[in-house]
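A short write-up of the structure that comes next.
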Amino acid sequence: MTYPDNSILVLVDLDPSGNAASSTAALLGAASIIGTPIALIVGGSQAAVDQVTAAGAAAVLTADNDAAALTVPIVDALQAAAAQVKPDAVLISNSISGRDVAGRFAVRSRSALSVDAVGVSRDDEGVIAHHSVYGGAYLVDSAPTFGTPVITLRQGAVDARAEAVASPQVEALSVTASGAVAATAGAIEAIEVASSRPELRGATRVVSGGRGLASKEKFVLVEELADALGAAVGASRAAVDAGYVPQSYQVGQTGVSVSPQLYVALGISGAIQHRAGMQTSKNIVAINKDAEAPIFDVADFGIVGDVFAVVPQVIAALAARKK
Ligand code: FAD
18 MTYPDNSILV LVDLDPSGNA ASSTAALLGA ASIIGTPIAL IVGGSQAAVD
68 QVTAAGAAAV LTADNDAAAL TVPIVDALQA AAAQVKPDAV LISNSISGRD
118 VAGRFAVRSR SALSVDAVGV SRDDEGVIAH HSVYGGAYLV DSAPTFGTPV
168 ITLRQGAVDA RAEAVASPQV EALSVTASGA VAATAGAIEA IEVASSRPEL
218 RGATRVVSGG RGLASKEKFV LVEELADALG AAVGASRAAV DAGYVPQSYQ
268 VGQTGVSVSP QLYVALGISG AIQHRAGMQT SKNIVAINKD AEAPIFDVAD
318 FGIVGDVFAV VPQVIAALAA RKK
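The following block contains the structure:
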């Protein structure tokens, strides 16, 4: 099978059921900005193949995975796929597993690695990755001087979507195991999280609460607004450290980076370490009783007020709209 000269190889992140993760459409969308998206699915279901073709992959390569061996089988498959497709760039989600695969693949293939990109583009010399650095204070570009760039893309940062292609090619890849030493999982235990809310990573709407919520009991207000908006719940580190919510909710430099369409910050001052994880959000709404709080420097809409007075009114207004 032949692949276009401007092919962009996209490694599809999978959820525990083997379906394409929510980051897939944006990865394929980003690939479509700079070339022709070719998807690689390692160990996925037939549903994953259908999902990536519906999301605009021009061709799909599939490979088996040894679920007990961590990362190495995926790097082996990526190496085989890259040899076949000869892509102009490799795009991988900036997820925990994606970063692991990207680093190993870049070392193995002696490629330049660009991590946590918030966008990609192309000029006469090739593919460029765009990054938001120093807490979102600067936008910088990275581009390799030789070889194929391997780029991890921040989840939620790219809005572009690829057009679905009529009858895309699907090819089973023949992979030779490298024999590289792999960590193995002794046992895999599925832990079901019973929540109807979207997952924080990759959510299109996020409502976060900070120390201004004052207690674990009062943090419920954040969850109520999130539910009214169909949003995921996030938090500042101060709220996590105070025990209002688990660490997995933390947004920022040492937490999750999000880039949703809507980010609502309640009782959060906007320290640089918090902004590092949310400043690329498309619309930022802040509610804080301190008019001088730095969060207002990055907010598109701000309300100076007490969250306990303002947020119930917002929830009531949203409920009235739904009637
Ligand atoms: P505060 O700074 O205390 O702000 C609380 C805000 O709530 C204030 O602006 C106040 O005016 C407002 N407020 C109080 N009551 C009300 C009310 N009733 N109504 C409306 N507003 C009210 N932080 C992160 O968030 N994420 C990170 O990943 C992170 N990583 C870090 C890494 C390092 C190495 C370090 C040193 C720090 C890190 N921090 C991180 C911590 C960061 O510096 C701040 O301390 C933290 O973000 C502050 O959280 P906060 O805004 O909730 O609290």
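Position 87, counted from 1, in the sequence shown is what the numbering used here calls 104; the numbers after and before it change by one each time, with no gaps. Even glycine gets a Cβ: it sits at the ideal position worked out from N, Cα and C.
Residue i versus residue j: straight-line alpha-carbon distance, rounded
i    : j    : result
V324 : A293 : 23 Å
V102 : R218 : 30 Å
D258 : K233 : 11 Å
G287 : G115 : 29 Å
Y151 : G269 : 12 Å
V132 : I145 : 12 Å
S334 : D176 : At residue 334 the sequence reads Ala, which differs from the Ser that was named. Approximately 28 Å between the Cα atoms of the pair.
A141 : P54  : Position check: residue 141 holds Asp in this sequence, whereas Ala was assumed. D141 and P54: Cα-Cα distance of roughly 19 Å.
A199 : G227 : 40 Å
A72  : I51  : 16 Å
A97  : S212 : 38 Å
V6   : Q264 : Outside the shown range of the chain (18 to 340) lies residue 6, about which nothing can therefore be said.
H291 : G284 : 12 Å
A154 : G322 : 26 Å
T162 : L45  : 24 Å
A74  : P185 : 7 Å
G173 : P277 : 6 Å
E180 : A123 : 29 Å
N82  : N111 : 20 Å
A80  : A204 : 23 Å
A189 : R171 : 28 Å
I91  : A119 : 10 Å
R121 : P104 : 18 Å
Q330 : A245 : 12 Å
Residue i in three-state terms, based on DSSP
i    : result
R139 : strand
T88  : coil
Y261 : coil
R10  : As shown, the chain starts at 18 and ends at 340. That puts residue 10 outside it, with no answer to give.
G229 : helix
I113 : helix
G46  : helix
L217 : coil
F236 : coil
S128 : coil
R222 : strand
A106 : strand
A97  : helix
Q290 : helix
A179 : coil
T193 : coil
Y266 : helix
T297 : coil
V167 : strand
A123 : helix
V29  : coil
D133 : strand
V118 : helix
A243 : helix
Residue i: first and last residue of the uninterrupted beta strand (DSSP E) it sits in
i    : result
F350 : Only positions 18 to 340 of the chain appear in the structure, and residue 350 is not among them; the question remains open.
V273 : Careful: V273 lies outside any beta strand (DSSP E) and carries neither H nor E.
V8   : Outside the shown range of the chain, which is 18 to 340, sits residue 8, and nothing can be said about it.
A337 : Taken as a continuous stretch (DSSP letters only), A337 belongs to no beta strand (DSSP E), being part of the alpha helix (DSSP H) at V324 to K339.
T70  : No beta strand (DSSP E) contains T70, which is instead part of the alpha helix (DSSP H) from Q63 to A71.
I205 : Neither: I205 is in no beta strand (DSSP E) and is coded neither H nor E.
F163 : That residue, F163, is in no beta strand (DSSP E); it is neither H nor E in DSSP.
G319 : F318 to V321
Y280 : L279 to L283
V77  : A76 to A80
Supposed close pair residue i, residue j - CB separation, criterion 8 Å
i    : j    : result
I304 : I320 : 5 Å
A220 : A85  : Contact flag wrong, Cβ pair sits at about 31 Å.
T41  : V69  : 6 Å
A56  : V29  : 5 Å
S159 : H148 : 6 Å
A248 : R222 : 4 Å
L26  : A99  : 6 Å
S225 : V302 : The pair is not a contact, with the Cβ atoms about 11 Å apart (cut-off 8 Å).
L230 : I332 : That belief does not hold up - the Cβ atoms of L230 and I332 are roughly 15 Å apart, past 8 Å.
Range covered by the alpha helix (DSSP H) that runs through residue i
i    : result
E188 : It is not in any alpha helix (DSSP H) - E188 instead sits in the beta strand (DSSP E) that spans Q186 to A189.
D22  : Segment: none, D22 is in no alpha helix (DSSP H) and carries neither H nor E.
I55  : Counting along the chain, I55 falls outside any alpha helix (DSSP H), though it belongs to the beta strand (DSSP E) covering T53 to V59.
* **Those residues, in chain order, that have a beta-carbon closer than 5 Å to some heavy atom of ligand 1** => Chain-ordered list of matching residues: G227, R228, G229, S253, R254, A255, G269, Q270, T271, G272, G284, I285, S286, A288, Q290, H291, N305, K306, D307, A310, D323 and V324.
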